[in-house]
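Using full-length UniProt numbering, you'd call the opening residue of the sequence shown number 1 and step up by one each time.
Note that beta-carbon positions come from the ideal geometry of N, C-alpha and C, so glycine has one too.
Quick caveat, the model's predicted, so the values are computed rather than measured.
See below for the structure under consideration.
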Amino acid sequence: MALLRKNMRASILCLVGGASMVLAGVQNYNPTGQGCLDPDGFLSCYAKQVDLVTSCATGCTASNVAGSQALKTCLTGCNGAQLAGNLGCWVQSCWNQLYSCENQLATISYFDGNDLIQNPNIFPWFPPPSDAVDGACSCNLGYVEGNKTIFLATPNFNQPCENVASRGNPAATAECACCEFSFPVSNILNICPTSDLSVLGMSAYIEHTQGLISASGDACAILNDGNQDSCLNTYGYRFRGDKVFNPLSLPSGIPGSDPLTNNPGNAFTDFGASAYTLNLFPGFSSTITPVPFNAKAGAATGTVSAAAVATGTESATQIATGTVARGSSAAGTATSSATGTAAATTSKSAAGGRNGVNEGLALAAVMLLASYNMFSNL
Ligand SMILES: *[C@@H]1O[C@H](CO)[C@@H](O)[C@H](O)[C@H]1NC(C)=O
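What follows is the structure in structure tokens.
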């Protein structure tokens with residue numbers, strides 16, 4: 001089920017900018033709890049989420065017809081709740097490392113696995129602020145992902161080029177596309193020019209972008225002055241960073257291959273509250289007691305490699321094949337009942353500003369149509 005949904009989504013997303021994720025998602029990106037205030041508590045919390053998702057899946061299987069859409073929806077809800085529960089573990093036991101690469105990957109997985117568009121109102125530590133230093137990842141992965149998915153998050157992003165296309169000037173349309181589609185790539189390369197971003201599928205994303213702008217007769221010469229002036233003055237595309245990159249002719253060594261690492265230290269040394277209620281789609285709600293700060297935590301947590309992240313897909317697979325059948329617990333039942341469609345819909349609207357799968361796909365479809373129209377005019 002998860003696989004089917006993922007594939008469907010991936011094939012749609014890759015048409016709008018290669019935004020499909022490569023993260024499997026449910027695994028613990030910090031498998032030893034390194035740097036956490038309470039590594040043992042962190043690990044047992046992650047383990048508990050596995051138990052919960054297992055009993056959740058068992059509940060789904062018991063109450064839905066095999067192979068039915070309802071069963072798939074139910075299992076998807078379990079998976080989404082596990083991803084949310086994992087974030088709860090960070091808030092409880094590793095809040096000093098909420099800006100780490102590992103937490104950022106867990107958070108991106110949460111958004112991706114729930115078909116939500118990244119939104120800082122949902123998980124307040126994400127993306128980290130641009131001035132985060134202590135305990136922060138060497139690259140702000142939230143900004144990377146936010147830019148990769150900007151076409152989904154910004155419905156009218158395509159409008160200027162659609163307007164150009166409607167005037168029937170193929171060269172201008174192609175040139176406008178250079179500005180539009182290089183925008184997220186440039187933003188990303190402005191933040192993390194030398195980081196190895198393979199964990200977020202960056203090379204596929206760049207390749208896809210190159211395809212989208214390949215109709216340009218002059219290889220996107222409009223980008224070659226390296227700043228936003230031409231794009232801004234001609235088509236109204238304002239870039240975020242200082243430098244504009246031409247995806248058709250990137251400087252050598254960019255994007256780079258520097259491993260993602262965490263700065264030493266703690267993002268926070270004081271949680272600021274004795275309890276924290278985390279409400280997350282789909283139907284995850286937990287009042288968390290963050291562990292006290294202790295000065296022993298906050299060691300540098302080493303590097304995060306794409307290979308390490310790519311493994312650990314076992315949970316979703318086990319659910320899909322039903323090979324894990326642990327006994328259900330009271331807590332598991334509660335999770336299970338909260339993950340159905342009804343619960344998911346309620347919490348989605350209650351959360352405000354979230355974009356679930358339908359809106360996301362609708363936007364994707366609009367984008368897709370728009371880019372097809374744009375290029376069929378050429
Ligand atoms: C895109 O990247 C820029 C940095 O170049 C950052 O300021 C901005 O917040 C990112 N956008 C999103 C939506 O994450």
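Top-ranked residue by Cα proximity to residue i, from the options
i, options, result
"N79", "L98, S55, A66 and Y99", "S55"
"K296", "G67, N96 and G146", "N96"
"A165", "Y235, N103 and G256", "Y235"
"N262", "N119, P128 and L116", "P128"
"F271", "T58, L98 and G256", "L98"
"Q92", "G283, P282 and T277", "T277"
"W90", "L75, L37, Q118 and R167", "L37"
"Q118", "I150, L200 and G168", "I150"
"C176", "C94, I188, L223 and E145", "L223"
"C161", "G146, C178 and S130", "C178"
Straight-line gap, residue i to residue j (C-alpha atoms, nearest Å)
i, j, result
"N294", "G35", "11 Å"
"N86", "G135", "19 Å"
"L232", "P247", "17 Å"
"R238", "D40", "47 Å"
"S274", "T289", "6 Å"
"V244", "C220", "12 Å"
"P193", "P251", "10 Å"
"V291", "G25", "25 Å"
"G211", "D196", "22 Å"
"G88", "T287", "9 Å"
"S100", "A84", "17 Å"
"V65", "T76", "15 Å"
Cβ neighbour criterion (16 or more within 10 Å) applied to residue i
i, result
"M21", "Its pLDDT being 40, under 50, M21 is placed unreliably by the model, and nothing is read from it."
"G33", "buried"
"N227", "exposed"
"I254", "exposed"
"D242", "exposed"
"C31", "Here residue 31 turns out to be Pro, not Cys, going by the sequence shown. So P31 counts as exposed."
"G201", "buried"
"D115", "buried"
Same chain only: Cβ atoms within 6 Å of residue i, ignoring 5 sequence neighbours per side
i, result
"N28", "Y46"
"L141", "Q104"
"G172", "According to the sequence displayed, residue 172 carries Ala and not Gly. Contacts found: V164."
"N279", "S285"
8 Å CB neighbourhood of residue i in its chain, flanking five on each side removed
i, result
"R326", "Low confidence applies to R326: its pLDDT is 21, below 50, so where it sits in the model is not reliable enough to give any reading."
"D258", "S138, T194, S195 and D196"
Close Cβ partners of residue i (< 7 Å) along its chain, the five nearest in sequence each way excluded
i, result
"L43", "G33"
"G256", "P193, T194, S195 and D196"
(message) Three or more C-beta pairs under 8 Å: does that hold for the stretch 205-212 against the stretch 265-272?
(response) Not touching, per the Cβ criterion.
(request) Evaluate contact between the stretch 148-157 and the stretch 178-187, counting only Cβ atoms and requiring at least three cross-stretch pairs below 8 Å. (result) Because the criterion of three Cβ pairs below 8 Å is met, the stretch 148-157 and the stretch 178-187 touch.
(request) Taking 8 Å as the threshold, find out whether the stretch 120-130 comes into contact with the stretch 101-109 through three or more Cβ pairs. (result) Result yes; three or more Cβ-Cβ pairs closer than 8 Å.
(message) Does the contact criterion of 3 or more C-beta pairs under 8 Å hold for the stretch 41-61 versus the stretch 135-145?
(response) The stretch 41-61 is not in contact with the stretch 135-145.
(request) For ligand 3, list every residue whose C-beta falls under 5 Å from any of its heavy atoms, going in chain order. (result) Ligand 3 is not among the ligands present in this structure, which contains only ligand 1.
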